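Oh and the sequence shown: position 621 is 621 in the numbering used here, straight run, nothing missing.
We put the CB at the ideal spot given by N, CA and C, even for glycine.
If you're wondering where the values come from, they're calculated on a predicted model, not measured in any experiment.
Following: one structure in structure tokens, then a few remarks.
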Amino acid sequence: MRNLPVDDALAEFEAQNPGIRVQPVYLPYTSFYYTAAAQNIDEHLQGAEALAAAADVALVDGESLSPEGTRAGYFLDLTPLAASDAALNPADFIPAAWESFRWDNGLWALPAKIEPLLLTYDPALFDQAGLAYPDESWTLEDVAHAARTLTQYDSSGAVSIPGLVTNGSDAALLRSLYRQSLNDEAGNPRLNTPELAALLEGWAELVDEGVVSTFTTQNLVDSSIPMMIGGSFALGPDPLNPDTPSRVAAALPGGSLGITTTGVAVSGGTAHPTEAYQLAKFLTENATFQSALVGYRSARVNPPVPAAPAAPDESGLVLAVSAFVDPQIAAQIDALLGQALSGAELRYADYLDAAINAVTEGTDAVTALSDAEVKAAANLQTASALRGATPLIVATPIPEVVLAPGEIELTFSAGFAAQVGDWERLLREFAALDPQVGKVTLTSDYGVLSDYAEQNDCFYVNYNAVPAADLTKILALDPFLSADPTFSPADVAGNTLALLQRDNRTWAYPFSISPTLLNYHADLLAQAGIAEPRTGWTISAFADALRALDAVIPADQKPFTDRGFGDSSLLMLIAAYGGLPIDYRTTPPVFNFTDPATVEAIRTVLDMAKAGLIAYQELAGNGFMIMLGDGENPDPIYAEASGAGLMLVGGDIQMGANPYRMTTYPTGTYRAVAYEIGTGYISATSQNPDACYRLFGFLAQHPELFGSMPALRSQFSNPALLASVGPSALDFYTQFDALLQDPNTVTIPSPFTGELSLMGDFITRRWLDAAFDDYVLHDADLLDALTEAQVKVEAFQACTAALPPYDAANPMDYQADLQTCASAVDPEMGSMFGSATGVSQ
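What follows is the structure, given as structure tokens:
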């Protein structure tokens, strides 16, 4: 929410409440979505306590605000304050929203915004199958009949498109079909009933058949999925494919509607309960703040009217917020809201989810539900025992910095970097140490390089913007580098420094290298009798490892999963087998999809995907989905791009030591790498470039900030870094550095690179990806598919060769030209991906 109008809303509150100043605290996503109580009560309570200690007032929803957290005393019961507030009327709220945070005779948050959980379906597919449309009278038998009828199968008889995709909302659907509460009149969990057990057994059969799927790699708004449980975003047209018909909304089978309510809670440790309540109430009424929240609509019956922003005033509270993106609004939802189940009614859904998972894995339903109910009751007792055991103290707001005479303020942006709190802490530390700088303000702007340069003295981005940058916007760093006795070009890993140069000058400071790497589970490798690849794998040894792992892991699991976007992992494995469909060693690159050696290398790798050794999903579609660990069975080997700004956890690392170790991609005929460089820039308009460069030198000494490999070799063994990533990372850094220096190493660039010679690579690689999809998912002839892709690429190259030269000051013009060429060659690909092509700056 740092980039949304939070400050405007807080300014309105401060103007209405002189003497109260609100300081927002921006917490990472994981601070709001910590471990569920049903999975690990200790981790859940630790997460709830940390959130309540971060601020007087916090955004919450049904995941971050739980009966366990409130019984532990981490959040304030607002009932007395609400009862004395004559202006607060429960009738002003949508009933299910108002009830979402009411349990144990308390009111634990004020509702702000709601997002529905409903069934969406494609009526055309129902018409084709001769089925009646879903309605609230449906039972599990009706769901089963429709799902089996609508499921599609491939030529081998395997399910290709399930009839129903729940998107992880199995518990909400079963609660709707159950038509009874999951808790008794006293609010205690009531899960172990014959009726619910029968539902679970029937549900497990549908999941086992494959006609019902919890998740899918299909796009969530793809009309090819007949029935799907999801939010309001699933009802709108696909923005990447406007011709896709809109889906129809219905209540969940059984007649209920789920809702997720975003609310505003008050910390149990606040020293300002009355003022915190005032702020919480204000935020639920404020249109400016609500515009920054995810959700279909306001939790109030009559949504708030926008108010004019006012100037801030003086001293007091702290507000914790998290970042979301608003979904599309779907008008069909309003008529269903009267059937919505409150969040309080679903507060034991995570325990029901645990029982569902147990039944699908073979446990009988009565045992699974009994275990879940006992665990829920025990967890509530554990939480209650913590109440008052340790005083909860809200973090003190950081005082405003007043510049001393002669001190300066720098404005600095870290772009989309994670760990905002760590950035702010280190920027304060730098300001305290530097003799000239009194304050460094971390700004919330984002955009292209020119935006960063216009709004900041200096800035960091997690990619190399130099190749396509408008060099009039930034300063060359050579005078600073040459005068810096602590900086040596020989200290920069690989050939990184050369990549940051244009016109014989250096335009960016190298902070980090984010390689696409392999993480292997050391324990699973040991179980399979595989030696750890301390110095990397050969491609043959890697293939042997996948086969050995396949013999010891569950049948529905894959030995190797790529948790990133796109095709880079496949291209690196193909290179190891001797194939270079795109030869990036030349400028511009050479496209030769049909070279016999390349075709065979592609076939070898894709056959591994067909055999289930490599997890595979559609690459050239609209989904852009990321595959994660399932939380139950850890991925034996997975790929990810470290430090890319999006740190994903698949749920496979629980409490205790991290079982994963890093290694490079396997080598063979070619050695291939993929990576991005985190870089710093000084604005050409900065009045304090020297101070910016000193800030760069300070930040470079804190590689733990970037979550990836340091760009400076002297930082490979930085204690703070190794403490966060583990000592084995040093071996990896050394190996990867050697690969970067090897002239025979082939670099696979990001398809979004700003390199001038590679603009449009996003489109050309999508055609290659489409050939991969045709072979793996549709059993097409590989050579035919690759030949078709080659023809399209050559036509695209012919079109782009006639384009006007790239103008760094107007990058979007060139992107539009690329889209025009893509559309001319392939109208479907042009409309689907044209808006995402080209410049990553």
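Taken in chain order, the complete beta strand (DSSP E) segments of 3 or more residues contained in the stretch 553–626 are 560–562.
The beta-carbon distance between Val599 and Leu570, rounded to whole angstroms, is 14 Å. This is too long to meet the 8 Å contact definition.
With fewer than 16 other CB atoms across the displayed protein chains lying within 10 angstroms of its CB, Pro743 is exposed.
Shown here, Val366 sits in a helix according to DSSP, grouped into three states. Distance between Ala287 and Phe233, taken at the CA atoms: about 21 Å. The stretch 387–463 is shown to contain whole beta strand (DSSP E) runs of 3 or more residues at 408–413, 437–442, 458–461, in chain order.
For Asp350 against Ala38, the beta-carbon gap comes to about 4 Å, under 8 Å, which counts as contact. Here the C-alpha atom of Ala172 lies approximately 24 Å from the C-alpha atom of Ser31. A check of alpha carbon separations from Gly168 across Thr151, Phe215, Thr360 identifies Phe215 as the nearest. Here Ser298 is buried. Its C-beta has 16 or more other C-beta atoms within 10 Å. Comparing alpha carbon positions, the residue from Ala798, Phe762, Arg563, Met662 closest to Phe736 is Met662. Between the alpha carbons of Ala465 and Ser683 lies a gap of roughly 13 Å. Only buried fits Glu285, as 16 or more other CB atoms lie within 10 angstroms of its CB.
Approximately 17 Å separates the beta-carbon atoms of Ala691 and Gln455; this is outside 8 Å, ruling out the contact.
Here His702 is buried, its C-beta having at least 16 other C-beta atoms within 10 Å. For His272, the three-state secondary structure derived from DSSP is coil. Shown here, His778 sits in a helix according to DSSP, grouped into three states. Within the same chain, and ignoring the five residues on either side of Leu777 in sequence, the residues whose Cβ sits closer than 7 Å to its Cβ are Glu618. In this structure, the beta-carbon distance from Leu107 to Thr79 falls below 8 Å. Taking C-beta separations shorter than 8 Å and ignoring five residues to either side along the sequence, the partners of Gly73 in its chain run Gly268, Leu386, Arg387, Gly388, Leu392, following chain order.
Take Thr70, set aside five residues on each side of it, and the residues of its chain with a beta-carbon closer than 7 Å to its own are Asp104, Gly106, Trp108, in chain order.
Ile574 sits close to Ala601, with the two beta carbons spaced by under 8 Å. Here Asn688 is buried: its Cβ has 16 or more other Cβ atoms, across all protein chains shown, within 10 Å. Of the residues assessed, Tyr520 falls on the buried side of the cut-off, its CB having 16 or more other CB atoms within 10 angstroms. Here the stretch 336–345 lies against the stretch 246–266, with 3 or more beta-carbon pairs under 8 Å apart. Ranked by how close their Cα comes to the Cα of Leu380, the residues Ile41, Gly578, Thr679 have Ile41 in first place. In the three-state reduction of the DSSP assignment, Pro727 falls in the coil class. For a cut-off of 8 Å, the C-beta gap from Leu119 to Met227 is around 6 Å, short enough to register as a contact.
Per DSSP, the continuous alpha helix (DSSP H) segment holding Tyr178 begins and ends at 170–178.
The beta carbon of Phe706 sits closer than 7 Å to those of Phe511, Ser512, Gly643, Gly678, all from its chain and outside the five residues before and after it, given in chain order. Sequence-distant Cβ neighbours of Ser717 in its own chain, meaning closer than 8 Å and more than five residues away, are Leu730.
In this structure Val266 does not touch Phe13 by the C-beta definition: roughly 15 Å separates them, more than the 8 Å allowed. Taking every protein chain shown into account, the CB of Leu403 has fewer than 16 other CB atoms within 10 angstroms, so this residue is exposed. For Gln501, the secondary structure class from DSSP, reduced to helix, strand or coil, is strand. Taking the Cβ atoms as the reference, Tyr665 lies roughly 5 Å from Met572, within the contact range of under 8 Å. Val294: not part of any alpha helix (DSSP H); DSSP gives it neither H nor E.
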